[in-house]
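Comments concern the structure below.
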Amino acid sequence: MTLRVPKAELPAELRAALTEQLGAVPEPVEVLWNNPKLAEASQYHSAQVAQWDAVDASLKSFAHMAVAAQIGCSWCLDVNYFLALNQNLDPAKASQVPRWRESDVFTPLEREVLEYAEAMTNTPTTVTDELAASLLEQLGAPALVELNAYIGYANMAARCNTAHGITSQGYSDACEIPLATRPATTGPATTGPAATGAATTA
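This is how it looks when you write it as structure tokens:
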């Protein structure tokens, strides 16, 4: 895949700040800068989302990666794995998010959050009353509302990136544990108790 929208020239100070923070300027920022007002609003929104704290950071990181894997946003998956490791999250777990159904490293709660992220990403969504009730009981209403909004934000970012033709920049190349590959299967992601052993697709 190649970029469908050309990169725009960033202000020097912003380019320097992003390079210092991530080691390279993120291509989504360069593409969005074709519309500076939109790009600045997107950066502000991202900064606000990063401050939400009702849900454990690892659960949200895993959820974001699950969304990216399902939609096929290699950039989102790549950078979120890189950020997860830099946030001192469990690298063994982070690396296995794309194949979480086949992996045994996740807790029951983590598996439910990953399942929930996929269910929200399906079109139409496939969130069940049973799954929502379980997460409501374990996380509480404020956290579940935050998780919903976070997964929605992850969907927006992943879908915009794939539409723009943005792919992985190799952020995860610096990580010691390779990022697992999502299983190649057919059909939408499923939800409910039977889904724990089922494979899914983007």
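Here our numbering is used: the first residue of the sequence shown is 6, the next is one more, and so on. From the three backbone atoms N, C-alpha and C, an ideal C-beta is built for every residue, glycine too.
For Arg106, count the other beta carbons within 10 Å of its own beta carbon; 16 or more makes it buried, fewer makes it exposed. Which is it?
Per the 10 Å Cβ criterion, buried.
Where does the unbroken alpha helix (DSSP H) through Phe67 begin, and where does it stop?
Residues Ala62 to Ile76.
Is there contact here, the region 42-53 with the region 94-101, by at least three beta-carbon pairs under 8 Å?
Between the region 42-53 and the region 94-101 there are fewer than three inter-stretch CB-CB distances shorter than 8 Å, so the stretches are not counted as touching.
What do you get for Pro33, buried or exposed, if any count of 16 or more other CB atoms within 10 angstroms of its CB means buried?
Classification for Pro33: buried.
To which residues of the same chain is Ser47 closer than 7 Å at the C-beta, ignoring the five residues directly before and after it?
So the qualifying residues of the chain are Leu37.
Out of Cys81, Leu94, Tyr176 and Pro113, which one is the CA nearest neighbour of Ala159?
Out of Cys81, Leu94, Tyr176 and Pro113, Cys81 has the C-alpha closest to the C-alpha of Ala159.
Quick check: the Cα distance between Thr206 and Leu94, rounded to an integer number of angstroms?
Here Thr206 scores only 32 on pLDDT, less than 50, and its place in the model should not be relied on; the value that follows carries that caveat. The C-alpha of Leu94 is placed about 25 Å away from the C-alpha of Thr206.
Within 8 Å, strictly: CB atoms of Val118 and Ala124
Annotated as distal: Val118 and Ala124, with beta-carbon spacing of 8 Å or more.
Scan the region 116-151 and note each continuous alpha helix (DSSP H) run of 4 residues or more that stays entirely inside, going in chain order.
If only uninterrupted alpha helix (DSSP H) runs of at least 4 residues are considered, those enclosed by the region 116-151 are 134-144.
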